[in-house]
Amino acid sequence: MEMTYNLSLTRNEILEIIEKSNPGSNTRFLSAADSLWYRFHNYEKNPPIGLIDDEEVVSIIFATFNRDGYTNLYEIVTVQGKEGKGYASKIWDEYLKYAVDIKKSDRLKISCTPSSLGWHLRNGLIFWSVDSSGSLRSDQKLFRTREEQCEYREMVVK
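Residue numbers (this note's numbering): 8 to 165.
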């Protein structure tokens, strides 16, 4: 079965995923992302994007899109028990296309924990600073594909 995307997950859908998920770090991460999204009323303005495999949400992106061409990616999480299948990279691919083609974004703001740095580097991200909590920060040009993102990162690093 082909994977599909839901570009507007509701809070109830997220809460159901959390409730059905096994305990673990990804479930805690998803719960924290839901709490943030709920507190800042982002479910209405910027609903999460979900990757669906076999009629089940397996990975989720929480991001905002601004009129000034910025997209801010707050969280990307794979549902507990679904790790190691490339779902985060697959939803990242769709997010890039959606951000550039539909939302007309050309800049990306993101931060990540040092433990996830490898994934972010493989997917073309560039980090310029570390904030007071130890998270790595990025503010960079956004491209439509992972390949373009990686090529740009290589050029900038050189």
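Idealized CB from N, CA, C, for every residue including glycine.
Item checked: Candidates K97, G141, R144, L149, of which the one nearest I108 by Cα -> In the sequence under discussion, the amino acid at residue 108 is Asp, which differs from the Ile named in the question. Ranked by Cα distance from D108, the first of K97, G141, R144, L149 is L149.
Next item on the list: May I ask you to list the residues that DSSP assigns as paired with A70?
Entry: Paired residues: L80.
Notebook entry, point to check: Tell me the DSSP bridge mates of V137?
Noted result: In the DSSP assignment, the residues bridged to V137 are L143.
Next item on the list: Could you name the residues of the same chain whose beta carbon sits closer than 6 Å to that of L80, not counting the 5 residues immediately before and after it, in chain order?
Entry: So the list reads A70, I117, once near-sequence residues are dropped.
Check: Helix or strand or just coil, what does DSSP make of L149?
Finding: Coil.
Notebook entry, point to check: Closest to L103 by CA distance: which of L16, E9, E154, F36 is it?
Noted result: Comparing alpha-carbon positions, the option among L16, E9, E154, F36 lying closest to L103 turns out to be E154.
Notebook entry, point to check: According to DSSP, which residues form a beta bridge with V64?
Noted result: DSSP output for V64 lists I59 as bridge partner(s).
Notebook entry, point to check: Between the beta-carbon of L37 and the beta-carbon of I24, is there less than 8 Å?
Noted result: Yes, these two residues count as a Cβ contact at 8 Å.
Notebook entry, point to check: With burial defined as no fewer than 16 other Cβ atoms inside 10 Å of the residue's Cβ, what is the status of K110: buried or exposed?
Noted result: By the Cβ neighbour-count rule, K110 is buried, with 16 or more other Cβ atoms within 10 Å of its own.
Item checked: Distance between G141 and K165 (C-alpha atoms, nearest Å) -> For K165 and G141, the distance between alpha carbons rounds to 25 Å.
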